[in-house]
Structure formats: C-alpha cells, structure tokens
Amino acid sequence: MPNFSKYALSDRYTNCLSKISKYKNVNAFITVFDNAENLDSASSDGKIIAVKDNLCVKNSYTTCASKILSKYKSPNNATVVEKLLTQGNLILGKTNMDEFGMGSGNVYSNYRPTLHPIHAEDSVPCSDPYVPGGSSGGSAVAVAMNLCDVALGSDTGGSVRMPAAYCGITGFKPSFGRVSRFGLIEYAESLDCVGWLTKNVNSCIDLYRNLQGPDQKDPTTLNMINYDDYTILQKIRNIKSGGKRNTISLGYISDESFFVGMNPEFREAYFKVINQLRDEGFNLVEIRKDFVEDSLACYYTLATSEASKSLSKYDGSHGNINDTIREQGFGFEVKRRLKIGSILSSSRLSTEYYQRSHQIRHRIRQDFNNIFTKCDFLFIPTVGDFPPRQSKFIYDHENIEEEELEEIVHSWWALKESSNDHSFMKAWLNDTFTIPPSLAGLPVLAMPLLHIKHPELANHSFSGQIIGAIGNDKGVLEMGSIMEGLFSILENQRQ
1 MPNFSKYALS DRYTNCLSKI SKYKNVNAFI TVFDNAENLD SASSDGKIIA VKDNLCVKNS
61 YTTCASKILS KYKSPNNATV VEKLLTQGNL ILGKTNMDEF GMGSGNVYSN YRPTLHPIHA
121 EDSVPCSDPY VPGGSSGGSA VAVAMNLCDV ALGSDTGGSV RMPAAYCGIT GFKPSFGRVS
181 RFGLIEYAES LDCVGWLTKN VNSCIDLYRN LQGPDQKDPT TLNMINYDDY TILQKIRNIK
241 SGGKRNTISL GYISDESFFV GMNPEFREAY FKVINQLRDE GFNLVEIRKD FVEDSLACYY
301 TLATSEASKS LSKYDGSHGN INDTIREQGF GFEVKRRLKI GSILSSSRLS TEYYQRSHQI
361 RHRIRQDFNN IFTKCDFLFI PTVGDFPPRQ SKFIYDHENI EEEELEEIVH SWWALKESSN
421 DHSFMKAWLN DTFTIPPSLA GLPVLAMPLL HIKHPELANH SFSGQIIGAI GNDKGVLEMG
481 SIMEGLFSIL ENQRQ
C-alpha cells in the first residue's frame, strides 16, 4: 500500500522548490538539495528547513559564501542538523550569507548579495536594492518569503536578529552554550551561537525544544544544565492561566543618549510598545544603559582578533595572516577585518585594546547581572532604522593601508569618527542594539511588534528584543509568546 502520508510533505517540498525558482533573483540560496531519496525517511509532518551555509551538512558543500571554501564538502552533519534530521525533518538547502559571517547586510558573498524580499517581484533589477540584513540574510529571506518553514542561522553580534528585524520575522539567539556549535564553521569562537529564524514565536519554541541540550562534541554546552529560572517560568504560566501581569517586570531604557542616531519613528514605536505593556498591566522598570558603553569597540576588537586566528587555517598563514591576506581566497570585507585583527594582536595594541576588551566584557556581564536583579527581562529595540540600501555597504576602500586601519582602531575607542571617510564603519554601527547581549552570552528573542509606514517597504515592522539572564532561554521565549499574542490582538483592533 502506498504511503499517502508522505504526499503532503512532498507537495510542500515541491512548492518550496517552485518558489525558489520563481524568486531566484533575491538569491536566498547558495545550494538547493535534491531530496527525492530523503522524502521517504522524513516524517509526514516534518519541517522543511533551510540551513545557513556555515553549518555543515554531510557530503554537501559548506562554503561560508567564500571562494576559499567553494570546494569544501563536509564529512559530518552539524549537531543541530543531525538532530533535525533524526526528528524527521527535511533539509532543503544552504542559504546565502555574508562571507564567514562578517557583515550585516548580506552583501559580502562570493555568490552575489541577497536582496530584501521587497524586490521579489521586481521586473527590472533595482540599481540600489534594500538589504535583508546579515549575516544570516539568506535564511531570513527564505523564511519571510515562505521558501521554507524555518531556517537555521548563526549569531555572533546580531546576525540572526538583525535580518529578522529587517525582514519582519522572528529570530532567536540562545544563551552561549545552550545549543551545540559542533559543525558550525567559526568566526569568533567566544561569541558564535547557532540561532534560528521563524514566522512566529511558537515555531521558535519548537526548535529550541528540539535543539537545546548538552553535546559531548561541544564542551561549551556541558555547563548549562539546570540554568532555567523556574520562578520566572512559573510567573509566566500563571499569566497564561489568567493571573495578574504585574508579577512580570520588564526593564526599558529612557535615557535620550541611548537613541542618538535612531530614526525618530523607531524611537516613537519603542515607547509605544513600552506604554502599551504598562497599560496591559506589566511592571515596567527604568534601567540604566551602562551595558552599552564601549560595547561596539569591545566587540569588534574581540571578534576581529579571534577571526584572525580562526581563519588563518584556511590560507596556511598559521596566525600571521598578513603574509597571505591579499590572496584571492577571501573577499575584501573579510580581508579588512582580518587585517584589523592582526593589528590588534600586535604586542603594543594587544596591551592597549585587546586586554582592555576582556575587562570591558566582564563589566558588561556584571551590568546585565545587576539589571536582572531589578527586572525579569530587558526590552530594547533590535535595530534603529529601516533596512539600508546596498550602496551603504559597498565601498571603494578595499586597499586601506595598515596605518589607516590602526587609526580606525584608535577611533573606536575614542568614540569618534576617523579622519578618513571609512563608510564601512558606519555600517558596523548597525549592531549597536544587538551586540551588548552577545558579549554577555545572553538569550535574546527579536520579534516584530508594530507596523511602521514606509513609502516602499510595505508592512514594515518595529522589532524589539526580549533579553533574559543567561540560561533563561525558556523564559525569554515564553515571554515572547505572550507579547506576540498581545500585540497581534492590538494591531487587529487598530485596523
């Protein structure tokens, strides 16, 4: 007797392939798999899943969107991929990304940029398209356009959350160590996390339930057992059962210096959400913004320094990446960051900035620890503006001299612009709201909450981040579920 239960999955899979072909101009995928043989082993209710191209899928290309890995086939599955396959899901293909995860626009790819979903129906290519965010932009576009059910990404300083915000979907970064990174090709070892992008919070919760947990192949996961805050979870359960909402406290920022450079419409939307939460009975607590101070300089110092070490294996430089940095294997944004990382590894600047970064990171962790003695969750924006256009990321500064790069490093820490107009630094500022919780290893859910009008980006949403104490992943997700239900109701009431 034929297995009719497989037909629904087969139909969904065929529909996904059809859409990918129809909307190939957005360039969401690097590789699409032929899954004809795998359909029989998948569950009839399995999810069709896209995987960012820095996560290994056995016997398939894993390129990190880089020329230097264009011929690399992994002999193993990443742990998260193995878990998803074991649970009866289907891996659709590998999504486009910024090379090695270095970028926030999904424009730095050896396989051409990924476009924002707004360009899906363009009959004539746009000369300066909107970006979907990065570095997990391909995964975000795949989910936003229903090219798959859910997608895996990676988040180092906001690489899941920013594209989720720009594409109007939900993105989750778990606590550092909560989900195995085995099979994730690293960018910055002390910051990288596997994350995911979905259409709603419940799908995020399902993935968390299936992917979290210790893994002997990743020692960072072995210390996270029993970190859940059961007091907060009980308060959330009580609210879902009809209990009073004022038992949950949400921290927010009101200091105007926190919003410098932010689009006024996004600032207004942030306070609309805050006021609505207060009106709905939640306890709102004003929090100091100390955790933001020096976070960008700290992050880029640590990330570029770690990247210069982790990527040296690909060009044979064994830690001295300057010897081969101008080889053709790396794209120019990766070259630039590796050059900066190499400069920061010098004995003089290492003492001045690299060691200082570790001290600041410790202070930021303490700042968050103090915050969570005052509130259960912190709520801040995900991004501060609409998606930029591609021209904001494409520069004429590929061959910056070492002296200029050193000046850039000094300018990070002096909190001022460098004397040269290095526009790529402005692009790095996109991570202002996402970096601090990454430095502290915290769980963060980015989710769309309020519509903001834009003349071209229809139905664009203000995205907010729910941040919890380390290990409080379940609490963050359950709080997100409450807010998603609340704001969908409120939005429907306004229409």
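Each residue of the sequence shown is one higher than the last, beginning at 1 in UniProt numbering.
Backbone N, C-alpha and C fix where the C-beta goes; we use that ideal spot for every residue, glycine too.
Being a predicted model, the structure only gives us computed values, none of them experimental.
Measuring CB to CB, does V150 end up less than 8 Å from L85? Remark: C-beta atoms of V150 and L85 do not approach each other more closely than 8 Å.
Once you ignore the five residues that flank I68 on each side, which residues in its own chain have a CB closer than 8 Å to its CB? For I68, the CB contacts under 8 Å within the same chain, skipping 5 residues up- and downstream, are Y314, D315, G329 and F330 in chain order.
Nearest-angstrom Cα distance between R112 and F258? Approximately 35 Å, taken between the alpha carbons.
Which same chain residues, not among the five before or five after N89, have their C-beta less than 6 Å away from its C-beta? If we look at N89 and ignore the five residues flanking it on each side, its Cβ neighbours are G46, K47 and I49.
In the DSSP assignment, what residue or residues form a beta bridge with E286? Beta-bridge pairing links E286 to Y252.
Going residue by residue through the stretch 125–190, where are the continuous alpha helix (DSSP H) segments of at least 4 residues, counting only ones entirely within it? Listed in chain order, the complete alpha helix (DSSP H) runs (minimum 4 residues) inside the stretch 125–190 are 137–144 and 161–167.
Label F487 either buried or exposed according to how many other C-beta atoms from any shown protein chain fall within 10 Å of its C-beta, with 16 as the threshold for buried. A buried status is given to F487, since no fewer than 16 other beta-carbon atoms sit within 10 Å of its beta-carbon.
Residues near I378 in its chain [Cβ-Cβ closer than 7 Å; skip 5 each side]: Note on identity: in this sequence residue 378 is Leu, with Ile being the wrong assignment. Within the same chain, L378 has close Cβ partners G251, I287, I371 and I467.
Going by DSSP, what residue range makes up the alpha helix (DSSP H) through I467? Where I467 is concerned, there is no enclosing alpha helix (DSSP H), although the beta strand (DSSP E) around it starts and stops at S461 to I467.
Less than 6 Å between C-beta atoms, sequence neighbours within five positions excluded: which residues of the same chain meet that for A440? The residues are I364, R365 and F368.
Looking at R336 and G281, is the spacing between their C-beta atoms short of 8 Å? No, they are not a contact pair.
Quick one: Cα of L449 to Cα of G485, how far? The alpha-carbon atoms of L449 and G485 are separated by roughly 10 Å.
Give me the Cβ distance between G157 and S346, rounded to the nearest whole Å; I'm assuming they're in contact under 8 Å. Cβ-Cβ separation between G157 and S346: approximately 23 Å, too far for a contact (criterion under 8 Å).
Helix or strand or just coil, what does DSSP make of F271? Helix.
Going by CA-CA distance only, name the one from F462, E478 and P174 that's closest to E268. For the options F462, E478 and P174, the alpha carbon positioned closest to that of E268 is the one of F462.
Going by DSSP, which residues form a beta bridge with W196? According to DSSP, W196 bridges with L152 and F172.
Through-space distance from Y187 to M102, alpha-carbon basis: So the alpha carbons of these two residues sit roughly 8 Å apart.
Could you please give me the residues that DSSP links to M447 through a beta bridge? BP columns for M447 point to G464.
Use the C-beta contact count for V260: other C-beta atoms within 10 angstroms, 16 or more gives buried, fewer gives exposed. With fewer than 16 other Cβ atoms inside 10 Å of its own Cβ, V260 counts as exposed.
Is it true that the CB of I20 sits closer than 8 Å to the CB of E456? I20 is positioned such that its CB atom lies no closer than 8 Å to that of E456.
Smallest Cα separation from P436: which of I343, S357 and K392? The option with the nearest alpha carbon to P436 is S357.
Limits of the unbroken alpha helix (DSSP H) element including A458: According to the DSSP assignment, A458 belongs to no alpha helix (DSSP H), since it is labelled neither H nor E.
With a 10 Å radius around its C-beta and 16 neighbouring C-beta atoms as the bar for buried, classify G475 as buried or exposed. Burial is judged here by how many other beta carbons sit within 10 angstroms of a residue's own beta carbon; G475 has at least 16 and is buried.
Restricting to runs no shorter than 3 residues, where is the beta strand (DSSP E) found entirely within the stretch 51–79? Qualifying beta strand (DSSP E) stretches: none in this window.
Quick test of the definition: if touching needs 3 or more C-beta pairs under 8 Å, does the stretch 185–205 touch the stretch 294–312? The stretch 185–205 vs the stretch 294–312: in contact.
Are the CB atoms of T31 and K94 within a distance shorter than 8 Å? Against a cut-off of 8 Å, the Cβ pair of T31 and K94 comes out as a contact.
What's the call for H362, buried or exposed, on a 16-neighbour Cβ count within 10 Å? Around the beta carbon of H362, a 10 Å sphere encloses fewer than 16 other beta carbons of the protein chains shown; the residue is thus reported as exposed.
What's the gap between the Cα of V444 and the Cα of G183? The C-alpha of V444 lies about 22 Å from the C-alpha of G183.
For D290, which residues from the same chain have a beta carbon less than 6 Å from its beta carbon, with the 5 sequence-adjacent residues on both sides left out? Closer than 6 Å at Cβ, skipping near neighbours: D367.
If we ignore side chains and look at the alpha-carbon of each, how far apart do I321 and N459 end up? Note that I321 scores 45 on pLDDT, short of 50, meaning its location in the model is unreliable; the coordinates nonetheless yield the value given after this. I321 and N459 have their C-alpha atoms roughly 45 Å apart.
Excluding sequence positions up to five away, which residues of its chain have a Cβ less than 8 Å from the Cβ of T62? Cβ neighbours of T62 beyond the five flanking positions: D53, N54, L55, C56, L69, Y72, K73, S74, K94 and I185.
Run of the alpha helix (DSSP H) containing G341, from where it starts to where it stops: According to the DSSP assignment, G341 belongs to the alpha helix (DSSP H) that extends over F332 to L344.
Alpha carbon to alpha carbon, how far is A140 from S203? Give it in angstroms, no decimals. Taking the Cα positions, S203 is about 14 Å away from A140.
In three-state terms, what does DSSP make of R365? Three-state DSSP puts R365 in a helix.
Who are the near neighbours of E478 in its chain, counting only those whose CB is closer than 6 Å to its CB and skipping five residues on each side? In the same chain as E478, and ignoring 5 residues on each side of it, the C-beta atoms closer than 6 Å to its own belong to I236, in chain order.
V273 to I340 span [Cα, whole Å]: Their Cα atoms are separated by approximately 39 Å.
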